[in-house]
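See below for the structure under consideration.
Numbering (our numbering), first residue to last: 714 to 971.
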């Protein structure tokens, strides 16, 4: 009797999907890798059960594991999310407290402009606080360059590129979260410009992906207890007088563009 290879294949797929499903608790993004694998395992296991030959036992086991792991993955994903909320994660709200202006050790309220942003000068330090109220991340824009020198292949969708040299320092207590919970990753969609009349200028990713080699671009992940520096490129309509970083759509930080 011909050996039913489909059952073995289905079992291997189920086990691989199970590994990714359980790993979802640590890396939630793996859920989106485990689900297609488990679906493939489910389909192949059904095929194995309809074929003649040895290997149907493997197909049955694969079928059961596919269903079980298909439930485990989302549970681990939700558990990771709830656990992060319970433990507290790095706050992306710009609840920065400026010591300047306080008296006798008291801390002053944040100084916000008419758009609700914390106005920063080039080279001035900004902070992000953790759940304990301690500063976990500090960052600054070291340079702001209008129409920077780019690679020959660079292009712009909106008309003018603005390059920001950013420095970010994290403490040993800083816990890097995934993109599906809270994150301090720089996302081009969180950056905008401000025109002379105060209106918002939309940004595109084209300058970021074409202007400079990726080795010079600010890294997506910032390790614990390190200082990283890199360039961030905004693609704005000409005439932006300042740029804004607004994580999670909240009022953010604003820097002038010379």
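From the three backbone atoms N, C-alpha and C, an ideal C-beta is built for every residue, glycine too.
All values reported here derive from a predicted model rather than from experimental measurement.
Only buried fits residue 914, as 16 or more other CB atoms lie within 10 angstroms of its CB. The Cβ neighbour count for residue 750, taken over all protein chains shown within 10 Å, is at least 16; the residue is labelled buried.
The alpha-carbon separation between residue 943 and residue 880 amounts to approximately 7 Å. Under the DSSP definition of a beta bridge, residue 723 lacks any partner. Taking each of 733, 865, 907, 940 in turn and checking the Cα distance to residue 828, the smallest one comes out for 907. For the 8 Å CB-CB criterion, residue 874 and residue 933 do not form a contact. With respect to residue 938, residue 884 sits close: the two C-beta atoms are nearer than 8 Å. The beta carbon of residue 870 sits closer than 7 Å to those of 917, 919, 948, all from its chain and outside the five residues before and after it, given in chain order. In this structure, 778 is the residue among 825, 778, 931, 735 with its C-alpha nearest to the C-alpha of residue 752. DSSP links residue 927 through a beta bridge to no other residue. In the assembly as shown, residue 855 is an exposed residue. Its beta-carbon has fewer than 16 other beta-carbons within 10 Å. With respect to the 8 Å criterion, residue 747 and residue 786 are classified as neighbours on the basis of their beta carbons. Counting the other Cβ atoms within 10 Å of the Cβ of residue 909 gives fewer than 16, which makes it exposed.
Taking the Cα positions, residue 830 is about 12 Å away from residue 960.
The C-beta distance from residue 867 to residue 928 rounds to 15 Å, too long to meet the 8 Å contact threshold. According to DSSP, residue pairing for residue 957 in a beta bridge involves 905, 967.
Taking the Cα positions, residue 969 is about 50 Å away from residue 784.
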